[in-house]
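Below is one structure, written out as structure tokens; the observations come after it.
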Amino acid sequence: MPEGHVIHRQARALNKLFTDQVVEVSSPQGRFSQSASVVNETRFVRSQAYGKHLFINFEHAHVIHIHLGLYGKWTFLNHTPEPVGLIRLQISTPESCAQLRGPNACTLISPAEAKTLKSKIGPDPIRKDDPSAVRTKVLASNAPIGVLLMDQTLFAGVGNIYRAEALFRAGINPQSPGKALTSEQFDAMWIDLVDLMKIGVRRGRIDTVRPEHLPKAMKRAPREDRHGGEVYVYRRTGLPCFICSHEVAEADLRGRNLFWCPTCQK
DNA sequence: GCCATATGGAAAG
DNA sequence: TTTCCCTATGGCA
Numbered sequence: 022m023p024e025g026h027v028i029h030r031q032a033r034a035l036n037k038l039f040t041d042q043v044v045e046v047s048s049p050q051g052r053f054s055q056s057a058s059v060v061n062e063t064r065f066v067r068s069q070a071y072g073k074h075l076f077i078n079f080e081h082a083h084v085i086h087i088h089l090g091l092y093g094k095w096t097f098l099n100h101t102p103e104p105v106g107l108i109r110l111q112i113s114t115p116e117s118c119a120q121l122r123g124p125n126a127c128t129l130i131s132p133a134e135a136k137t138l139k140s141k142i143g144p145d146p147i148r149k150d151d152p153s154a155v156r157t158k159v160l161a162s163n164a165p166i167g168v169l170l171m172d173q174t175l176f177a178g179v180g181n182i183y184r185a186e187a188l189f190r191a192g193i194n195p196q197s198p199g200k201a202l203t204s205e206q207f208d209a210m211w212i213d214l215v216d217l218m219k220i221g222v223r224r225g226r227i228d229t230v231r232p233e234h235l236p237k238a239m240k241r242a243p244r245e246d247r248h249g250g251e252v253y254v255y256r257r258t259g260l261p262c263f264i265c266s267h268e269v270a271e272a273d274l275r276g277r278n279l280f281w282c283p284t285c286q287k
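For what it's worth, my numbering labels the leading residue of the first sequence as 22, then goes sequentially.
Below is the structure:
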């Protein structure tokens with residue numbers, strides 16, 4: 022259920038636990054057993070995040086590709102318990118254990134296949150990738166910017182929350198076509214995504230409310246939502262905008278929930 | 001216990 | 001554009 026910042030944290034956590042160690046790899050649930058046995062008791066080289074995709078390199082040029090999708094979840098433990106629930110992938114040493122449940126994708130691939138996959142992933146704000154090619158595409162596109170932001174070949178790692186919040190902070194209506202943006206607006210939004218997502222990596226939660234709006238936000242915000250942080254519009258449907266007090270709106274855009282302030286985002 | 005929901009994306013139609 | 005994947009959780013009976 023994560024956006025890119027979470028995947029980057031998980032890559033970091035896996036590296037901290039397992040880099041250069043010979044690890045036990047298994048699939049208690051069974052579905053990944055055959056692949057797990059291929060890398061079982063081999064050396065964990067490193068894990069890397071590209072947008073929402075995670076790549077784990079093992080010795081002998083084996084790579085596990087993971088995408089969490091909506092339900093996927095990692096659990097990190099300092100011991101290896103009896104399996105609870107459906108664990109697709111488990112990596113462990115005597116000191117540490119990482120368990121993966123419900124991923125959208127978990128497959129053993131070759132370095133060549135990894136390269137192909139990575140080539141389809143767009144620039145990632147957290148990796149400080151160059152957005153110039155994407156800027157050209159966005160500024161020429163008739164598609165709504167709210168749709169473009171969710172396209173992982175354009176903005177790797179951006180999900181529904183960062184989309185809603187970046188557009189709010191930029192004062193841009195999600196329905197505006199990409200070509201309606203100025204080059205300056207695009208650059209400002211990209212830089213904002215870099216800032217916001219780096220904060221997300223650092224804190225492990227999504228915080229997007231500017232300090233000057235924060236006291237007000239804290240007072241009016243409902244319970245902490247699942248994103249864990251403080252946001253302007255995501256899942257605040259019907260609640261007053263922190264800036265103009267207009268009700269936050271919600272709509273369906275291409276099958277995903279969209280949140281915005283009709284006043285602040287013309 | 002049952003049902004709706006979720007920060008995603010590929011495949012099918 | 002719709003369906004499916006696949007798991008956990010929270011709200012409600």
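Glycine residues also receive a C-beta, built at the ideal position from the N, C-alpha and C atoms.
For residue 26, the uninterrupted alpha helix (DSSP H) segment begins and ends at 25–39. Where residue 203 is concerned, there is no enclosing beta strand (DSSP E), because DSSP gives it neither an H nor an E.
In the DSSP assignment, residue 184 falls within the unbroken alpha helix (DSSP H) covering 181–191. For residue 169, the enclosing alpha helix (DSSP H) stretches over residues 166–169.
Taking every protein chain shown into account, the CB of residue 265 has fewer than 16 other CB atoms within 10 angstroms, so this residue is exposed. Across the structure, residue 197 and residue 281 are spaced so that their CA atoms are roughly 12 Å apart. Relative to residue 49, the option among 61, 125, 107 and 194 whose CA is nearest is 107.
Remark: C-beta atoms of residue 24 and residue 182 approach each other more closely than 8 Å. Per DSSP, the continuous alpha helix (DSSP H) segment holding residue 138 begins and ends at 132–140.
Rounded to the nearest whole angstrom, the C-alpha separation of residue 55 and residue 143 is 31 Å.
When rounded, the separation of the alpha-carbon atoms in residue 146 and residue 87 is 20 Å. DSSP, read as helix, strand or coil, puts residue 220 in helix. In the three-state DSSP reduction, residue 103 falls in the coil class, being neither helix nor strand.
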